[in-house]
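Below is one structure, written out as structure tokens; comments come after it.
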Amino acid sequence: MESGAAAKSETLWGHPKGLAFLAFTEMWERFSFYGMRGLLILYMVQELLLPGRIENVAGMDAYRGVVEAVFGPLSTQAFASQTFGLYSGFVYFTPLFGGLLADRWLGSRKTVMIGIALMTAGHFAMIFDWSFLLALLLLVLGSGCLKGNIAAQVGHLYPRDEEGRRSRGFTIFSTGINVGAILGPLVCGLVAQVYGWHFGFGLAGAMMLVAAVVYFTGLPHFAAERVKPGVGAHHNHPPMTGRDWQMMALLGVVMLISVMWSLAYDQLANVGLLFVAERVALDTPLGSIPVPWFASEDAAASVLIVPVLIVLWRWQADRGREPDDLSKIATCSVILALSTGSLALGDWLADGGEVSIAFPIIAYFLSGVGFMWGWPTLLALVSRRAPARINSTMMACVYFVAFASGIGSGTIARFYEAMPAWAFWLMNSGISLAGAAAIVLFGAALRRRMNELDRQEQAENGSMAGTGPVAAPG
Numbered sequence: 001m002e003s004g005a006a007a008k009s010e011t012l013w014g015h016p017k018g019l020a021f022l023a024f025t026e027m028w029e030r031f032s033f034y035g036m037r038g039l040l041i042l043y044m045v046q047e048l049l050l051p052g053r054i055e056n057v058a059g060m061d062a063y064r065g066v067v068e069a070v071f072g073p074l075s076t077q078a079f080a081s082q083t084f085g086l087y088s089g090f091v092y093f094t095p096l097f098g099g100l101l102a103d104r105w106l107g108s109r110k111t112v113m114i115g116i117a118l119m120t121a122g123h124f125a126m127i128f129d130w131s132f133l134l135a136l137l138l139l140v141l142g143s144g145c146l147k148g149n150i151a152a153q154v155g156h157l158y159p160r161d162e163e164g165r166r167s168r169g170f171t172i173f174s175t176g177i178n179v180g181a182i183l184g185p186l187v188c189g190l191v192a193q194v195y196g197w198h199f200g201f202g203l204a205g206a207m208m209l210v211a212a213v214v215y216f217t218g219l220p221h222f223a224a225e226r227v228k229p230g231v232g233a234h235h236n237h238p239p240m241t242g243r244d245w246q247m248m249a250l251l252g253v254v255m256l257i258s259v260m261w262s263l264a265y266d267q268l269a270n271v272g273l274l275f276v277a278e279r280v281a282l283d284t285p286l287g288s289i290p291v292p293w294f295a296s297e298d299a300a301a302s303v304l305i306v307p308v309l310i311v312l313w314r315w316q317a318d319r320g321r322e323p324d325d326l327s328k329i330a331t332c333s334v335i336l337a338l339s340t341g342s343l344a345l346g347d348w349l350a351d352g353g354e355v356s357i358a359f360p361i362i363a364y365f366l367s368g369v370g371f372m373w374g375w376p377t378l379l380a381l382v383s384r385r386a387p388a389r390i391n392s393t394m395m396a397c398v399y400f401v402a403f404a405s406g407i408g409s410g411t412i413a414r415f416y417e418a419m420p421a422w423a424f425w426l427m428n429s430g431i432s433l434a435g436a437a438a439i440v441l442f443g444a445a446l447r448r449r450m451n452e453l454d455r456q457e458q459a460e461n462g463s464m465a466g467t468g469p470v471a472a473p474g
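According to my numbering, the residues represented by the sequence shown are 1 to 474, in order.
Written as structure tokens, this is what we have:
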């Protein structure tokens, strides 16, 4: 039986109750993650990497030597941006191993619990200068255990054939993420400003403890594990078929296209905050705006747009006109291009002077809107299409999009000091638009082939069950 079918009887506002617990777990975990992330690049550039402080970080000389051996000599800003990019990227690389750990041995629940413990330790390690690199390592490993598996658990709550309901469920789940992303930079940024950087990092650790309590409370409402944990459990499943490998390849193409808009999105969290701190007139009649608050604006826009999207997509679905997942991802790419384009326009109009605060306000609002158009849709697409035997692993592979864009944004960031700012942001807009163009050119073929593979699987499963071929969806 599909695990989602078992969970369907317990609903809250039309969705399984487990969705609420998973969403609130992610809310507090994201509070911690984005609270720390909103401080990280500014903390490195303005304090930690300066002479007299950088010497306190254990292993920093060896780490910098490795980074510069790969990427070449780096200025303080470029080194900070590359470190930020490496951290942001590897946070989304390790979920592959977390997915394998869950699929083959421990199951998603135990793996998520390990992730929560590692991330809690990592946030508290940020309190001290000497353990800065250790803290980043713990956060990367903990995120690997948690990210893909908790998203996979959301997908397990829904029957496979409910594309629209599943997509709306992931949108609600992402709302929890973005509520945490609003609160984290606001509160941690304020605490860091009043009491110091390390108090802000310590608060992020405390919120991970709250996430653990919520997750353990919700365990009875989650869907049953899709694999029986234990060494060799994966042998209980049939081997991968040629059709499964084809589907994996097609989903891989969609992920590759999504990297293009994700590069623009990640650059706003990297160089974007430095650009705001250095080039934007932040003084207002209500006082100077703290730079980390723009990260909260991105998340706030993501939350505000959710009811609009739910109503819009439901209205379109009732009339048989809801855009498919690939069309939604293309829309996301256009919106992210407009977001970074806003910074380009602001810098060009400023002509060397201070940039009006209106332009980053527009940019970070659009980035949040675009994210919600694209990321939950990509998660829902992979959750529905990926072969059941490696569903958790494929959900973890979705985070390769953020891995590639995190590393890529750090590498692209080196051009920030060498180019006019407007040209730098225009370049990022062009990269995002290239993703939309790829879907326009290849989307129909991708969509058609994935539908064919799904119909073949349905027909085969129906034949094996003695019910005959399953009718193709209309």
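Ideal Cβ placement from N, Cα and C applies to all residues, glycine included.
Name the DSSP bridge partner or partners of valine 401?
For valine 401, which the question treats as bridged, DSSP gives no partner whatsoever.
Ordered along the chain, which non-local residues of its own chain (more than five positions away) have a Cβ less than 7 Å from that of arginine 53?
For arginine 53, where only same-chain residues beyond five positions count, the Cβ hits under 7 Å are Glu47 and Asp129.
Taking only the alpha-carbon atoms, compute the straight-line gap between leucine 101 and threonine 111 and give it to the nearest angstrom.
Take the alpha-carbon of leucine 101 and the one of threonine 111: they are about 7 Å apart.
Residues near leucine 274 by beta carbon distance below 6 Å, same chain, minus five either side
So the list is empty, once near-sequence residues are dropped.
Determine the closest residue to threonine 25 out of Ala125, Asn149 and Ile41, with distance taken between C-alpha atoms.
Selection Ala125, Asn149 and Ile41 evaluated against threonine 25 yields Asn149 as nearest (Cα-Cα).
Residues near leucine 209 in its chain [Cβ-Cβ closer than 8 Å; skip 5 each side]:
Excluding sequence positions up to five before and after leucine 209, its CB lies within less than 8 Å of the CB of Thr120, all in the same chain and listed in chain order.
Alpha carbon of glutamate 460 to alpha carbon of aspartate 454, nearest angstrom:
Each residue's Cα considered, the two are about 10 Å apart.
With the cut-off set at 8 Å, would you say serine 339 and alanine 363 are in Cβ contact?
In this structure, serine 339 sits near alanine 363, with a CB-CB distance shorter than 8 Å.
Would you mind reading off the limits of the alpha helix (DSSP H) that contains proline 220?
Careful: proline 220 lies outside any alpha helix (DSSP H) and carries neither H nor E.
Delimiting residues of the alpha helix (DSSP H) encompassing glutamate 29
Counting along the chain, the alpha helix (DSSP H) containing glutamate 29 begins and ends at 17 to 43.
Would you call the CB atoms of histidine 123 and glycine 205 closer than 8 Å?
In contact: histidine 123 and glycine 205 (Cβ atoms closer than 8 Å).
So which of Ala223, Pro73 and Gly287 has the shortest CA-CA distance to histidine 15?
Closest option to histidine 15, Cα to Cα, is Ala223.
Opposite threonine 284 in the DSSP bridges: which residues?
DSSP, once it has assigned bridges, lists Gly287 as partnering threonine 284.
Between asparagine 56 and the rest of its own chain, which residues show a CB-CB distance below 8 Å, the 5 nearest in sequence each way excluded?
Correct list, in chain order: Asp129 and Trp130.
Secondary structure at valine 253, three-state DSSP: helix, strand or coil?
In this structure, DSSP gives valine 253 a helical state, which the three-state scheme calls helix.
In whole angstroms, what separates the C-alpha of tyrosine 416 from that of glycine 406?
Tyrosine 416 and glycine 406 have their C-alpha atoms spaced approximately 16 Å apart.
For the alpha helix (DSSP H) holding glutamine 153, just list the boundary residues, first then last.
Its alpha helix (DSSP H) spans residues 132 to 156.
Where do the N-terminal and C-terminal ends of the alpha helix (DSSP H) with arginine 109 fall, by residue?
Unbroken alpha helix (DSSP H) run through arginine 109: 108 to 125.
Distance between glycine 65 and glycine 230 (C-alpha atoms, nearest Å):
At glycine 230, the pLDDT of 49 sits below 50, so the modelled position is not reliable and the matter cannot be decided from this model.
For valine 91, write down the residues that DSSP places opposite it in a beta bridge.
Beta-bridge partners of valine 91 (DSSP): none assigned.
What does the alpha-carbon distance come out to for the pair proline 323 and leucine 309?
As the crow flies, the alpha-carbon of proline 323 is around 12 Å from that of leucine 309.
Beta carbon of threonine 83, beta carbon of methionine 44: below 8 Å?
The answer is yes: Cβ separation under 8 Å.
When burial is assigned at 16 or more other CB atoms within 10 Å of the CB, is methionine 27 buried or exposed?
Methionine 27 is buried by the Cβ-count criterion.
Give me the Cβ distance between glycine 184 and tyrosine 34, rounded to the nearest whole Å; I'm assuming they're in contact under 8 Å.
Yes, glycine 184 and tyrosine 34 are in contact; Cβ-Cβ is about 4 Å, under 8 Å.
Burial state of arginine 168 (16 or more Cβ within 10 Å):
Its Cβ being crowded by 16 or more others within 10 Å, arginine 168 is buried.
Using 8 Å as the Cβ pair cut-off and three pairs as the minimum, do the region 284 to 295 and the region 424 to 444 touch?
These segments do not touch.
Just curious, the alpha helix (DSSP H) that tryptophan 551 is in, first and last residue?
For residue 551 there is no data in the structure shown, the boundaries of the chain being 1 and 474.
May I have the straight-line CA-CA distance separating leucine 256 from aspartate 325, to the nearest angstrom?
The straight-line gap from Cα to Cα measures roughly 15 Å.
If we count Cβ pairs, one from each stretch, closer than 8 Å, do we get three or more for the region 211 to 220 versus the region 348 to 360?
The region 348 to 360 and the region 211 to 220 do not touch, with fewer than three beta-carbon pairs separated by less than 8 Å.
Can you tell me whether tryptophan 425 is buried or exposed? The criterion is at least 16 other CB atoms within 10 Å of its CB, across all chains shown.
Here tryptophan 425 is buried, its C-beta having at least 16 other C-beta atoms within 10 Å.
Cβ shell of isoleucine 305 (< 6 Å), same chain only, five flanking positions each side left out:
The answer, listed in chain order, is Val369 and Met372.
Is the beta carbon of aspartate 266 closer than 8 Å to that of serine 88?
Yes, Cβ-Cβ distance for serine 88 and aspartate 266 is below 8 Å.
What does a CB cutoff of less than 8 Å around valine 67 pick up in its chain, not counting 5 residues either side in sequence?
Leu74, Phe79, Gln82, Thr83 and Leu86.
Hey, alanine 192 and glycine 200: beta-carbon distance below 8 Å or not?
One thing to note: alanine 192 has its Cβ within 8 Å of the Cβ of glycine 200.
Where the alpha helix (DSSP H) through methionine 372 begins and ends:
Following the DSSP letters along the chain, one finds methionine 372 inside the alpha helix (DSSP H) bounded by residues 358 to 385.
Suppose you measure from the CA of asparagine 451 to the CA of serine 296; what does that come to, to the nearest Å?
When rounded, the distance between both Cα atoms is 38 Å.
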